[in-house]
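Numbers given in the numbering used here equal positions in the sequence shown, counted from 1, plus 237. Built from N, CA and C at the ideal position, the CB exists for glycine as well.
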Amino acid sequence: MSAYDGQTIYLGFYYSGNYADEWYIDDVIVEDAPITPVMQTLFSELTAPPTPIGTTVSDTFGILRNTGGGVLNVSSITLTNPDFAVDPTTAAVNPGDTLFVVGSFAPSTTGLITGLMIISGDDPGNTSDTINVSGVGY
């Protein structure tokens with residue numbers, strides 16, 4: 238039911254029979270969503286395809302989801318290695334939505350290239366998260 242995150246859901250029951258005074262519902266759990274944003278990264282690592290020096294490869298992908306009940310304000314997305322980049326680097330993510338970015342890799346040298354993507358936001362329980370990034374230049 239994650240497609241209904243942040244929405245009010247009404248359940249109706251209809252009974253037809255002789256024993257309407259006894260109802261049993263198994264395996265149903267109803268929890269309140271937090272009223273604050275909750276940042277959930279979708280990856281622990283991202284790997285770019287092998288790329289020739291002097292060229293750039295780009296792709297669009299989701300990097301995080303707001304599983305809370307308030308708007309998640311992503312204040313920065315920084316990368317520790319300039320061979321990697323993302324756009325946008327700030328965003329407001331509504332409850333239940335996913336933040337998509339365009340990630341790019343432009344190797345400046347041959348061999349394995351690594352770095353960190355550091356995402357900072359206003360989730361009170363998790364103000365920043367890190368994704369390992371890597372690619373091979375040739």
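Are the CB atoms of G372 and I350 within a distance shorter than 8 Å?
What you label residue 350 is simply residue 113 of the sequence shown in a count that begins at 1. What you label residue 372 is simply residue 135 of the sequence shown in a count that begins at 1. Result yes, Cβ atoms of I350 and G372 sit closer than 8 Å.
From the DSSP output, in three-state form, read off A322 for me.
Here residue 322 is taken as the residue at index 85 of the sequence shown, counted from 1. Strand.
The segment 277-290 contacting the segment 323-332, beta-carbon criterion three pairs below 8 Å:
no
In three-state DSSP terms, what is A329?
Mapped onto the sequence shown, residue 329 falls at position 92. Strand.
Under DSSP, the beta strand (DSSP E) around G299 begins and ends at which residues?
Counting from 1 along the sequence shown, the entry for residue 299 is found at position 62. Counting along the chain, the beta strand (DSSP E) containing G299 begins and ends at V294 to N303.
Assign A240 to one of two classes, buried (16 or more other C-beta atoms within 10 Å of its C-beta) or exposed (fewer than that).
The residue labelled residue 240 in the question sits at position 3 within the sequence shown. Label assigned to A240: exposed.
What distance in whole Å lies between the Cβ atoms of L316 and G352, which are believed to be in contact at a cut-off of 8 Å?
Here residue 352 corresponds to residue number 115 of the sequence shown, with the count starting at 1. Here residue 316 corresponds to residue number 79 of the sequence shown, with the count starting at 1. Between L316 and G352 the Cβ distance is about 6 Å, and since that is below 8 Å, they are a contact.
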